[in-house]
Each structure stands twice: as structure tokens, then as C-alpha cells.
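**Student:** Residue numbers (the working numbering): 6 to 83. Cβ atoms here follow ideal geometry from the backbone N, Cα and C, with glycine treated the same way. Quick caveat, the model's predicted, so the values are computed rather than measured.
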Amino acid sequence: MTEARSAAFLHLLQDLANEVDRGAAQHARESTLQLARRFGLSAYDAAYLHLALREGLPLATLDAGLLNAAAATGVARV
């Protein structure tokens, strides 16, 4: 990627309405780890599942394991 394209990309990222999940570290030590162990998920997938559970949001994924875990926990999928 050229310097100009990467600068343009970074500029686009600044315009997004991003939110930082301030409670992620606390949840990673507790519920996220439990979800990962219960469903055999990676920490990355378990974090997405836990965020969907906490916020009452659906998940968009094609990962079969994550879809199964979402169904088992009542998380809707998109």
C-alpha cells in the first residue's frame, strides 16, 4: 500500500463512530474466558459473543463454532 493510500485510509477511519469498550479487560478475566472454555472458542470469538450478550446485539459471522455458541446463548445472528 502506498503512503498516500494508507493516509487516506487513516483519514476515513477518523470519520467512523467508534466506541471503546472500557469494560473489556474486566470481562476478559471473567465471562469471556468462561464462554471461550464452554464453547471451545478463541478469546477473540468469545469476546465478540460476550459483547453481543452484554449489549443485546446480534452477531454477523460465518464461523460455525461462533454461530453455535450464539444460538446456545440466545444471541441472534444477522
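#1: Restricting to Cα atoms, I'd like to know which of Tyr49, Leu72, Ala30 and Val80 is closest to Glu60.
#2: In whole angstroms, give me the CA-to-CA distance for Ala41 and Leu56.
#3: What does a CB cutoff of less than 6 Å around Leu71 pick up in its chain, not counting 5 residues either side in sequence?
#4: With a Cβ-Cβ cutoff of 8 Å, do Thr78 and Leu54 count as a contact?
#5: Buried or exposed for Ala52, please, with buried defined as at least 16 other CB atoms from any protein chain shown within 10 angstroms of its CB.
**Tutor:** According to the data block:
#1: Val80
#2: 13 Å
#3: Asp50
#4: yes
#5: buried
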